[in-house]
Structures are given as structure tokens and as C-alpha cells.
Amino acid sequence: MKHLKRKHTPEYEKLFFDPVEDSSEVVNGSDYRSTTELSSSNTKQNRINMFIAKYLIIKCNLPLNLVEKSAFRQFMKECNVKWDPISSKKLKHDGITFFTDKMKKILHATLNDTKFVTLTVDGWSDRRGRSFIGVTCHFINYKCEPQAFLIDFVRLKGPHTGENIHRITEFILDRYNLKEKVYKIVTDNASSMIKAYKFGLSVDDEIGYDDSNEMKLNSNTNTAWDDNNYDMDINDLEFMNISYADDYEDIENPSDLRLSCFIHSLQLSVRDGLKNAVYVPKLLKKCQALAKVSHKSSKIAELLEEINKHINKMTITRWNSEFLLIKSILSIGKTDLESITSLMDNQIKFSNNDFIVLEELVDILQPFYDISIKCQAETAVTISLVVPSIVHLISHLHDVKADISLCLKLVQQLEESIKTRFSGIINRLNLVDIVDNSAFGDPIYFIAAVLDPSFKFLWIRDLKLPVPMENRLKQHIIDLIINEMKKDLPASTIEPMKINFSSTSSSTFSSSTTTPQRKRRKLFNYDDNIINDSNASSTLDPAVELDAFLNDPVRSNFSNY
């Protein structure tokens, strides 16, 4: 073996370093030539340790102390008698650092070829009260595939002020030369997040950066962890949103760089309705008390098992959990529910009105829940869902009033909250001028909805507008799209455009309004009977292409919603 290694190095490397099936993920010999002792030694022992770091620690998300457990070491001895145990500290210092540096090089190379990116910035805290901030980068690659990279996840020390978050974000972006490539930044509605990007990102290199009162961000993310001298086990974390002093407040935001998280704003709208509606708060407390006891009492657990039912847990930070809790209690039935509550030390009684309220709550909130699920896609672009979702909710709340007796106050509160928290969208639908600080006033929401082949202008039918107003709304959106095109194209290539909306959807309104009994329509389910009066054109004029696209009766999926 020594002779083969000294005199016939190529044959030796070929024998012991054959590539595996996925060549893109192989850690080959050349990658190990690093400053560390582990990564510089081309031995089978080190290769095994590197694969442990890559496939078990990183990809399987197992804790680093796995390599120090006796059962794991015995298993490795069974696989390879000559394998020498490695400490978690050495594996972290050498193996994890090696793959971190390698991934950073890939990130730099990929992002250097990207023209525009969108960021999502969010803050978190763990059960020990330590705060973190994560920055995720989103873009479309050359294959027109959506990509998302977590470019950094660091400790957030000091006060959670907008200035602190802004400086940390800029420092992270400077490392990847992304500051001038940022198109939009999506955050929640915490006041510190809004203030952090209120005036966009500064691109002046002369602006000083004073880090005397903040954590020192290093080009190597691991340094931020090493300075604190602790290991973070993902199994010990229970992430939750950072609690800001004035969280859940909508603050004026004149910058066109930041966008509010749609799901977070929708959740706040539901919170507004549930908090101020008659009957609902007290009934929710009953449901929460029942859920809490049901997960502690063995008698109730056995009874639920006998009737094959389950009561969902409630999470404070997610209104969806309240909705699922209500549905789970409603599915049990009044008789079985009385049997369950009789086993409680402090009995809770659900009256007939309580069951009526529960049924009405499910009927009212079901579309909100469906939209929340639709917008949780990880591999699809969901910004085109925002406007159709708001229009669907407006139509739903208007129609559901006929079937509601005890929760009318909830419907009214939801309508008012949607008008307030999504005022920009509501104003554009009503053809009202948009002020700079309108929530969701960015035209990108309408542009994305119309350019999505799944929607086009089909969502406008839910508004049941008169034909002249409907055509004015469509023309207004077309103008928004054309104005966006003008930013990247010479003015001479685009002329003012008027599209013929002769019979795109007005013919369907008359039939839909004569329905004798209201039925809950499925989300984003539109009538496909559209008359095709578009003319074929071979020109590459964007205005003509847009005309052909909008008048094409075929609906196709832009994303797999």
C-alpha cells in the first residue's frame, strides 16, 4: 500500500476515491486540501468523518454529540474496524467549517450571476430567550426555476431596534455584494422591521458603521457562534416570533422597498375579528380550556380514543390552530362532548348557541384557512395569490351574511380589518388614488395576479362590477404593467395601450347572480367559458403580447398551487 501510494499516486487515488453516484455532492480529494489537519489528509479515515459531517450532521440534521455516543461508535466499529472515534468539537471545527466555506463559495458564485433578488427577513427567539435573525434570498435562475438560499442566520444581540436590524442586514448583503440587487424585502408587521427598511437600503459606501454596541458580524458565520462558546442543538430549540414592544402594529411605510408578509397581515385581520366579536372570545376560552385538559387527562384521552376523535392543541402565535381546534370540537358532537366535559374537575358546558356559533365560525373562517394553506408553498411563487385572495374574501364575507345569525359582528369586524390592513389593494379595486403609506399599495400585487396564467382577469368576476367600471379597472391594471415595462425598455418600443374587454367576463355575471341558493364556491374556482375574440399576432411588441395573453381563453398553471 505504501509503495502504491508513493510511486503510483493516480492509481492509489482512483482505487480509494472513486466518485459516488451523485458527482455534484461528492467531497473529492482536491476539496480536502485545506489548512486544517483533517481536511488536508487524504485517508479513508478522514473521508468517513467528512461523510459523517455531511450526510448525518448536516443533511439528517442530527446533533454533533452523536459521534461521542457509545452506540454510534460501536456501529462505526462494526462498519470499519480501523475507524478511530472523533470528538464533536473536532468534527465541528474541521468538518462543518469545511462544508460551510464550500457552500459560501457556491453562494457567492451563484449570486454573482443573479441580476435581482428578493429578501425575506425574520427574527426568532428560542426557549432560552436568545434572539436570532435570518435572511433568505429568493431569485429566478437561468432555468426559470425559483430558488431560495438562507444566506445568514446570526444572533441578534442588543435592542431589537430598526437601526440594529438595518445595519445587520446591510452587513450581510455587503458580504455577497447584493445591496444594489435587492428588488424587495418581505418582513412581518413588527414596528422594528418596518422602521428598519423605512427608507430602503443605503448604497453610499461612505456611511459609517458603528458596531460598538452590537454583535460583531464576521465574514465567517461560525465565528459568531464560537465567540459565545456554546453548541446549539436543533432538538433543544422551539422557535417563536420575537416579542417586540409594539408588535402587531401597522406603521406608515413610505418606502417602496419593503413588502408586508401577506399571511402575517391576514392573521392579524383574523385576530382583529375574533378579539372584538360578540360571543367569540368567551367561547374560545371554553375551547382552549377543554383542549388543555384533554391533553392532560388520561380518562378524556381514553374516551376520545373510543369515539375515534381528537382535540387539536392551540398555538398562541397561529390563528390556524384556533380554527382547527374549533373544527375538532365541533366534529365530536353534542352528546359525546357532554360526556367528555363531565370528566373535567371544573366542568365546561356548551350551550346550543355555542354550537351555532362554532358552526358559523367554521363557515366564516374556512376561506381564510384555505388561503393560508395555499400561500405556504415552498417551491412556488405565491405573490400572485394576494389580490385574488383578498377579492375572494371580500366576496365571501358579503355573501355569507345571509346565513349568519349570531356572528354578524365578526363578519363586520373582518371586513373592516381587511379594508384597513389591505387598504392599498382596496383603493386600487375602487379606482381610488393610492397614497405612499397605504398598506399593500405596491402595484406588484396586481401585476403578479394578472400575469399569472391561472388568474389573469378572472378574479375580477367575484367583485360583480358594472361593465364600465370593470373595464376601467382592467385598463388601470394594464397601465400598471406597461409602466413597469417602461422601466427596462426604451420608451419608443411601447405605445399607450387600450385593450378590448368586450365580453371577457361580464356575460358570466348575470348567470351567477341569479343563483337561487348560495353555495360556498371553491377557492380560485372560476368559470372557464370565456369567448375568445383575440387576434393572433407574430410581433414581439410587449403590449401586443400582453393583449394576446389576456384574451387567451386557456387557463394554465404558472405554479402548482
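In this note's numbering, the protein residues as written are 496 to 1056.
All C-beta atoms in this analysis are idealised placements derived from N, C-alpha and C, irrespective of residue type, glycine included.
If you're wondering where the values come from, they're calculated on a predicted model, not measured in any experiment.
I believe residue i touches residue j by the beta-carbon criterion, under 8 Å. Please report the beta-carbon distance rounded to the nearest angstrom.
| i | j | result |
| --- | --- | --- |
| Leu832 | Cys902 | Leu832 to Cys902, Cβ: 20 Å. No contact. |
| Leu825 | Glu854 | 7 Å |
| Ser834 | Leu798 | 6 Å |
| Leu905 | Ile859 | 6 Å |
| Ser764 | Arg923 | Incorrect: roughly 18 Å between the Cβ atoms, too far for contact. |
| Met688 | Val616 | 7 Å |
| Lys808 | Ser816 | 7 Å |
| Ile920 | Val876 | At roughly 18 Å, the Cβ-Cβ gap does not stay under 8 Å, so Ile920 and Val876 are not in contact. |
| Ile976 | Leu1041 | 6 Å |
| Ser879 | Asp947 | 4 Å |
How should residue i be labelled, buried or exposed, when 16 other C-beta atoms within 10 angstroms of its C-beta is the threshold for buried?
| i | result |
| --- | --- |
| Cys782 | buried |
| Leu953 | buried |
| Leu645 | exposed |
| Gln908 | buried |
| Ser755 | buried |
| Ala740 | Below a pLDDT of 50, predicted positions are generally treated as unreliable, and Ala740, at 39, falls in that range; the measurement from the model is reported next regardless. Exposed: under 16 other Cβ atoms inside 10 Å. |
| Cys574 | exposed |
| Ser565 | exposed |
| Phe570 | exposed |
| Phe757 | buried |
| Val775 | buried |
| Ser793 | exposed |
| Asn636 | exposed |
| Lys539 | exposed |
| Ile802 | exposed |
| Tyr550 | exposed |
| Ile868 | exposed |
| Val769 | A quick correction: the sequence has Leu, not Val, at residue 769. Buried. |
| His503 | exposed |
| Phe611 | exposed |
| Glu744 | Confidence is the limiting factor: at Glu744 the pLDDT is only 43, short of 50, which leaves the residue's position unreliable, though a coordinate-based value still follows. Result: exposed. |
| Glu520 | Residue placement at Glu520 cannot be trusted, given a pLDDT of 45 that sits under 50; what the coordinates show is reported in the next sentence. When all chains shown are included, Glu520 counts as exposed. |
| Ser582 | exposed |
| Leu673 | buried |
| Met545 | buried |
| Ser534 | Legend: pLDDT at Ser534 = 46, less than 50; position of this residue unreliable, no value from coordinates given. |
| Asn684 | buried |
| Ser884 | buried |
| Ile601 | exposed |
| Asp767 | buried |
| Ser949 | buried |
Just curious, the beta strand (DSSP E) that residue i is in, first and last residue?
| i | result |
| --- | --- |
| Ser755 | 753-755 |
| Trp643 | Contrary to the premise, residue 643 reads as Ala rather than Trp in this sequence. Here the beta strand (DSSP E) through Ala643 covers 641-650. |
| Thr615 | 612-620 |
| Thr682 | 677-682 |
| Cys632 | 626-635 |
Please name the residue, chosen from the options, that lies closest to residue i on a Cα-to-Cα basis.
| i | options | result |
| --- | --- | --- |
| Val852 | Leu779, Ile689, Ile835, Glu910 | Leu779 |
| Pro862 | Arg501, Leu754, Phe593, Asn1020 | Asn1020 |
| Ile660 | Ile973, Met964, Ile802, Gly629 | Gly629 |
| Arg542 | Lys577, Asn560, Ser792 | Lys577 |
| Arg753 | Ile921, Tyr678, Ile667 | Tyr678 |
| Leu1045 | Asn966, Asn978, His588, Lys982 | Asn966 |
| Met839 | Phe648, Glu817, Ile795, Thr830 | Ile795 |
| Thr656 | Tyr692, Lys808, Lys585, Val881 | Tyr692 |
| Arg650 | Arg625, Ala772, Leu761, Asp608 | Arg625 |
| His790 | Cys632, Leu820, Asn815 | Leu820 |
| Glu665 | Val886, Leu614, Pro961, Ile889 | Leu614 |
| Ala548 | Thr592, Lys572, Asp937, Asp751 | Thr592 |
| Ile806 | Trp814, Phe818, Arg568 | Phe818 |
| Leu606 | Pro654, Asp596, Ile552, Leu668 | Leu668 |
| Phe850 | Ile827, Ser890, Cys870, Ala1043 | Ile827 |
Tell me which residue opens and which closes the alpha helix (DSSP H) that residue i is part of.
| i | result |
| --- | --- |
| Val852 | 847-869 |
| Gly919 | 918-924 |
| Met839 | From DSSP, Met839 is part of no alpha helix (DSSP H); its letter is neither H nor E. |
| Leu901 | Neither: Leu901 is in no alpha helix (DSSP H) and is coded neither H nor E. |
| Ile667 | 657-670 |
| Lys600 | 592-607 |
| Glu563 | Looking at the DSSP string, Glu563 is not in any alpha helix (DSSP H), and its letter there is neither H nor E. |
| Asp894 | 881-895 |
| Arg542 | 539-546 |
| Ser687 | 686-691 |
Against chain D, with Cβ distances strictly below 8 Å, would residue i count as a contact?
| i | result |
| --- | --- |
| Arg542 | In the displayed structure, chain D is absent; only one protein chain is listed. |
Does the ligand GTP have a heavy atom nearer than 7 Å to the CB of residue i?
| i | result |
| --- | --- |
| Leu668 | In terms of ligand content, the structure shown is empty, and the ligand GTP therefore cannot be addressed. |
Taking the runs of the beta strand (DSSP E) that are 3 residues or longer, which of them lie wholly in the stretch 750-821? 753-755, all fully within the stretch 750-821.
Output the residue ranges of the beta strand (DSSP E) runs that lie fully inside the stretch 924-987 and measure 3 residues or longer, sorted by chain position. You should have found no qualifying run.
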